[in-house]
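**Student:** Here it is, the structure in full.
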Amino acid sequence: MNGYISHELQRCLEVKGNYLLLVRWETIEDHMIGFRQSDEYQEWKRLLHHFYDPFPTVEHFERVAIERRTPCDQMMK
């Protein structure tokens with residue numbers, strides 16, 4: 002899929018049954034036009050939309066910071 006970078010699914014620790022799906026795209030247009038108007042999206046809809054209760058909120062974000070962990074042994078040097 003053009004513009005697709007990656008995705009991850011996270012389960013909420015506090016609220017059983019809550020999940021966060023984060024899908025990374027190169028541009029908003031890659032998601033909203035390229036994917037949403039594709040045959041792949043129609044298949045996604047067919048397979049998954051009946052599971053949504055309530056229907057998920059779709060929002061677009063941009064990264065403002067990246068944290069890199071350093072192993073403890075490197076921090077001590």
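Going by my numbering, the residue at position 4 of the sequence shown is 5; the numbering climbs one at a time, nothing skipped.
We put the beta carbon where it would ideally sit given N, CA and C, even for glycine.
Return the first residue and the last residue of the alpha helix (DSSP H) that residue 20 is part of.
**Tutor:** Careful: residue 20 lies outside any alpha helix (DSSP H), inside the beta strand (DSSP E) at 20–26.
**Student:** What residues in its chain sit with their C-beta under 7 Å from that of residue 3, if we drop five residues either side in the sequence?
**Tutor:** Result list for residue 3: 31, 35, in chain order.
**Student:** Would you decide whether residue 26 is buried or exposed? Buried here means 16 or more other CB atoms lie within 10 Å of its CB.
**Tutor:** It counts as buried.
**Student:** With a threshold of 7 Å on Cβ separation, who are the neighbours of residue 20 within its own chain once the five nearest residues in sequence on each side are excluded?
**Tutor:** Closer than 7 Å at Cβ, skipping near neighbours: 10, 11, 12, 13.
**Student:** Quick one: what's got a C-beta closer than 6 Å to residue 8's C-beta in the same chain, skipping five residues either side?
**Tutor:** Same-chain partners within the cutoff: 24.
**Student:** How far does the beta strand (DSSP E) with residue 5 in it extend, from its first residue to its last?
**Tutor:** Note, residue 5: beta strand (DSSP E), 5–12.
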